[in-house]
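In what follows, a structure is listed as structure tokens, so that the remarks can point back to it.
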Amino acid sequence: MNNRVALVTGGSRGIGAAIVEALAKDGYDIALSYANSAEAAEKVAHKVRALGRKAITIKADGATVEGNKAVIAKTIADFGRIDALVCNAGMFPYGPIDESSAEDIEKVLNLNVRAVMIETAEATRHMQKGGRLIFIGSAFGARAPFPGISLYAATKAALRGFAKGVARDLGPKGITANVIEPGPIDTDMNPATGDVAKLISSFVTTGAYGKVSDIAAAVAFLASPQAEYITGAAIPVDGGLEA
Ligand code: NDP
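Numbering (this note's numbering), first residue to last: 18 to 260.
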């Protein structure tokens, strides 16, 4: 897979950083974006270079149209191609709908949904046969098992519909589009400690949180040539939360 290029949005920490490492191990050169954590992003890029692959970091706010366009433009400017787009950057607003403001709603739509649409539109103009679109959804896109997650659940459910439509649009070109739906994964966004963690784990068959590497392994498989016949799918990696 030498010379293939992957862009991972939100690759500086958590699930995104693990995805970057897994794809670099599989031979991808990497562009990774971040919002604020320049130092963390550079550390992840350093690991990629230590694996013998190229890496660039891109500071871009995924909640803005300019940021969405910039990540694709910079990847193309530096590498001249894009073979896998992993839309991972996201936020998790928590609270009942009757306490949510219009601004809260706009922000989560922009980062969790609009960014995925714009980045996909911009990236696929440059994608060749064998291209891969992988969106990080959530098990809460399939089930909303407790109160306070309506906005988040709606944005992640939207990715399912988007992936199906994109799979239809680009299947004839040999490009696949899928959603990975993580269950609770121990990261800064969702630490495996505290009261909410206890509640969330109670919906997992094992009662346990997953690891960032669980998600990275699934993404690496979808990004591989072996996954060419999987498209338009929403694949749970969730300890059975959706069961
Ligand atoms: P983290 O909060 O640990 O990491 C978020 C990453 O996204 C960071 O790299 C961060 O960059 C980047 N990011 C955040 N906001 C923006 C922005 N406005 N523009 C660009 N980049 C941004 O999150 P996780 O690793 O936990 O989550 C990653 C994805 O997985 C999200 O889409 C989330 O919804 C999804 N997910 C997570 C689950 C979990 O339990 N953790 C479960 C299900 C889905 P910076 O470091 O600069 O802040």
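All C-beta atoms, glycine included, are put in the ideal place defined by N, C-alpha and C.
None of the values given here were measured: they were computed from a predicted structure.
Heavy atom of the ligand NDP less than 6 Å from the Cβ of S29, yes or no? Residue mapping note: residue 29 aligns to position 12 of the sequence shown, counting from 1. Yes, Cβ of S29 sits closer than 6 Å to a heavy atom of the ligand NDP.
Note down the Cα distance separating P242 from G147, rounded to an integer number of angstroms. Stepping through the sequence shown from its first residue, residue 242 is reached at position 225. Stepping through the sequence shown from its first residue, residue 147 is reached at position 130. Their Cα atoms are separated by approximately 7 Å.
Backbone CA spacing between L68 and K42 [nearest angstrom]: On the sequence shown, residue 68 is found 51 positions in, with the first residue counted as 1. On the sequence shown, residue 42 is found 25 positions in, with the first residue counted as 1. Taking the straight line joining both Cα atoms gives about 7 Å.
Span separating the alpha-carbon of I122 from that of K64: Counted from its first residue, the sequence shown places residue 122 at position 105. Counted from its first residue, the sequence shown places residue 64 at position 47. Cα-Cα distance, rounded: 36 Å.
Using the Cα positions of A240 and Y51, report the straight-line distance between them to the nearest angstrom. Here residue 240 refers to the residue found at position 223 of the sequence shown. Here residue 51 refers to the residue found at position 34 of the sequence shown. Distance between the alpha carbons of A240 and Y51: 21 Å.
Could you spell out the range, first to last residue, of the beta strand (DSSP E) harbouring S50? What you label residue 50 is simply residue 33 of the sequence shown in a count that begins at 1. Judged by DSSP secondary structure, S50 falls within the beta strand (DSSP E) whose first and last residues are 46-51.
Looking at the unbroken alpha helix (DSSP H) that takes in K86, where does it start and where does it end? Counting from 1 along the sequence shown, the entry for residue 86 is found at position 69. Residues 82-96.
Look at P253 and A156 and say whether their C-beta atoms are less than 7 Å apart. Your numbering for residue 253 matches position 236 in the sequence shown. Your numbering for residue 156 matches position 139 in the sequence shown. The answer is yes: Cβ separation under 7 Å.
Roughly how many angstroms lie between the CA atoms of V25 and Y226, to the nearest whole one? In the sequence shown, residue 25 corresponds to position 8, counting from 1. In the sequence shown, residue 226 corresponds to position 209, counting from 1. About 23 Å.
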